[in-house]
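A short write-up of the structure that comes next.
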Amino acid sequence: MDNLYKMTYHIEPNRGLINDPNGFIQYKDTYYFFHQWNRFGLDHSYKEWGLFTSKDMLHWQSQGSAILPDREEDRNGVHSGSSIEYNGKLYLFYTGSNKNNGVRKSRQCIAISENGKTFIKQKEVIDTPNGFTEHHRDPKVWRGKNNWWMLVGAQKSDLTGAVALYSSNDLLQWKYERILYDKDLDQVCECPDLFQLNNEVDILICCPQKRIFIPSENKEEVSSYACYISGVFNENAMSFTPNQHRKRFDYGFDFYSPQTFLDNKGRRIMAGWMSRMEEEQEQCCPTRKFGYIHCLTLPRVLTWENNMLYQRPIEEIFQLRHNAQIYTSSQGKFEAETGHFELHLIRNKTNYPFTLYLCNRTIGITYSPETQILEVKRKNWVDGKMQTRQLALSELSELQIFSDNSSAEIFVNDGVAVFSMRYFTDNQNIEIEYVGLQQGEKLEYFTL
Ligand code: FRU
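Residue numbers (the numbering used here): 67 to 514.
Structure, rendered in structure tokens:
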């Protein structure tokens, strides 16, 4: 059976379930992309760290398992975390999960590698401090001015979410300092991150999560999303002061747990999990029949310009471009050569309506200058109905879309907003339709 959904330039597992990116780093000239992995099944019952490596962030080699749930602290899961290079060694920080008779215990754990191949677990672990429940996970470590810092996603004893701050001088002994942030973080905060952009602003990433009871179906659903808050992290006061409202990291249907690192060109690179699907979607996801599920996003470069966060695909991706075609007529319809392609819409009359349908109308993008709304629709593979996401946008100047057989990442206005999503079409002909190009404007197509 042909797999029409197999991706060509995204990370997905050859078997099992993949979720969060973990410990994303450039170590000794190689990009290391660890990730949450259930290599035995298509559910979340087992978690270890798997590893992909790459020299160029385009071609990834699976290195199999990196850290396994093989000791008491982590026997019920090697959960998410981060990595840091220090004195030539790679330090990995992860959450060890242990459930005894259904009672959850979380510990932040450390593994060290000198060669990027063997990861030696250390005896030092961090127990959850008073004032928190055992929903204490996803350590993110970075170097501060005088010490190392660690953020941990947390739930306070009053069952609301928080981000906990720890410090260390040697990366092994850690001291709990205080709650760095806890405003409106629902019931748990997962996968925090904190970094500076442009020597100007500190960005705090949070993934608030809550459980919602749906009476009509008599079941609970998990609702969670990734957001960021710009502000100032004061190292001496150990405080984070927001200077803008929190914003969604991504406006699409499938995006969660972003994680960043600084590469040796000084780029702040971020990748996320492109598949935080609703349960029913996960159960019906068409890749299951090929023995795997989910994928990660394209790595993106984050910058801060004009008081806004920009996300742009890593420039390496343009090396894949070939078979360029340019469309300039006011409307048109054409077949993409394959499902892995890029579309680039460049407009100069930014206040006119525009519509684009991708992949046999599995995805529709419409900009309306009257309502000043950009609307993205995606066909839900569970029931075949269109789902909608909207973004308030005063003008549409540019769309850059990266499709990879079963995923689309839509960058709006040079990266001011992004919509990430999975899509599934069984049609081998990938039809693209557009309406609304004005004089002098163009839609470029590239096979990737
Ligand atoms: C986020 C998350 C993390 C946890 C991991 C387990 O998707 O729930 O908080 O460490 O996934 O796989």
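Note that the Cβ used here is the ideal one computed from N, Cα and C, for glycine as well.
Bear in mind the structure is a predicted one, so any value in this text is a computation, not a measurement.
Comparing alpha carbon positions, the residue from Met487, Asn471, Glu475, Cys425 closest to glutamine 453 is Met487. Taking the C-beta atoms as reference points, glutamine 456 is found no nearer than 8 angstroms to isoleucine 429. With fewer than 16 other CB atoms across the displayed protein chains lying within 10 angstroms of its CB, isoleucine 280 is exposed. Bridge partners of cysteine 175 according to DSSP: Tyr160, Val191.
Taking the Cβ of asparagine 85 as the reference point, at least one heavy atom of the ligand FRU falls within a distance shorter than 7 angstroms.
Beta bridge pairing from DSSP links isoleucine 496 with Ala402. Contact annotation: glycine 210 and alanine 220 have beta-carbon atoms that are not nearer than 8 angstroms.
Not one heavy atom of the ligand FRU is found less than 7 angstroms from the C-beta of histidine 360. Under the DSSP definition of a beta bridge, isoleucine 186 partners with Ile178. Annotation for cysteine 350: the continuous alpha helix (DSSP H) segment containing it runs 345–350. Restricting attention to Gly82, Leu134, Arg314, the CA atom closest to the CA of glutamine 377 is found in Arg314.
Under the rule that a run must span 3 or more residues, the beta strand (DSSP E) segments found entirely inside the region 258–292 read 267–280, 285–290. According to the DSSP assignment, arginine 488 belongs to the beta strand (DSSP E) that extends over 483–488.
Each of Thr404, Lys331, Thr394 was checked against the Cα of glutamine 505, and the nearest Cα belongs to Thr394. The ligand FRU approaches glycine 219 closely enough that one of its heavy atoms is under 7 angstroms from the residue's Cβ. Glycine 82 is a Cβ neighbour of phenylalanine 106, given a cutoff of 8 angstroms. For histidine 145, the uninterrupted beta strand (DSSP E) segment begins and ends at 144–152. Between the alpha carbons of valine 442 and asparagine 196 lies a distance of about 44 angstroms. Annotated as proximal: valine 218 and proline 205, with beta-carbon spacing under 8 angstroms.
In the three-state reduction of the DSSP assignment, isoleucine 439 falls in the strand class, which pools E and B. Asparagine 479 sits in a helix when the DSSP states are folded into three classes. Listed as beta-bridge partners of glycine 227 by DSSP are Gln221.
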